[in-house]
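Counted from 1, the sequence shown has number 71 at position 30 by my numbering; the numbering is strictly sequential.
All residues carry an ideal CB built from backbone N, CA and C; glycine is no exception.
Note that the structure is a prediction, hence the values are computed from the model and not measured.
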Amino acid sequence: MSYYGGDAGQSLSVAGRIFGLPATGVRLKLEDFMSIISKSEEPLVIVTCEGFFTKLYKYVTAYKGFVFFTESLDRLDFSSNTEVIQAQSILSDI
């Protein structure tokens, strides 16, 4: 990684290394997941909806180096400062 040549290249290099690393996944109860979300100033939540007859919503967020996830039959509402990304699927070995 070069420290010369602009911030953009350096940021992409660092981001590639961070997202390429395995993380420890933690499955939580719904209320515990919401508690983790409330601890972040600007949380990011990735959401998928799976199922044909019965919809199952899956939620993932990262906090302090851990990846937290939960599932719900209901769509969750988040505060206005939460960035929500609707994904087609979440691939995980967890």
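In the DSSP output, which residue or residues are listed as bridge partners for residue i?
i	result
Gln127	Val88
Arg68	Phe110
I'd like the span of the beta strand (DSSP E) that includes residue i, first residue to last.
i	result
Leu97	Leu97 to Tyr104
For residue i, verify whether its CB is less than 6 Å away from any heavy atom of the ligand GDP.
i	result
Gly66	In terms of ligand content, the structure shown is empty, and the ligand GDP therefore cannot be addressed.
Which residues in the same chain as residue i place their Cβ atom closer than 6 Å to its Cβ, once the five residues preceding and following it in sequence are excluded?
i	result
Gln51	Only weak support exists for where Gln51 lies, its pLDDT of 42 falling under 50; the value from the coordinates is given anyway. Result list for Gln51: empty, nothing under 6 Å.
Gln129	none
Rounded to whole angstroms, what is the Cα-Cα separation between residue i and residue j?
i	j	result
Glu72	Ser81	15 Å
Val108	Val67	6 Å
Thr74	Phe93	Position check: residue 74 holds Phe in this sequence, whereas Thr was assumed. Rounded to the nearest angstrom, the two C-alpha atoms are 25 Å apart.
Can you list, in chain order, the residues of its chain whose CB lies under 7 Å from that of residue i, leaving out five sequence neighbours each side?
i	result
Ile131	Ile87, Thr89, Lys99 and Val101
Thr123	Ile78, Pro84 and Val86
Gly125	It is worth fixing the name first, because residue 125 is Val in this sequence and not Gly. These residues qualify, in order along the chain: Val86, Val88 and Phe119.
Once the 5 residues before and after residue i are set aside, which same chain residues still bring their CB inside 8 Å of it?
i	result
Leu114	Thr95, Lys96, Leu97 and Tyr98
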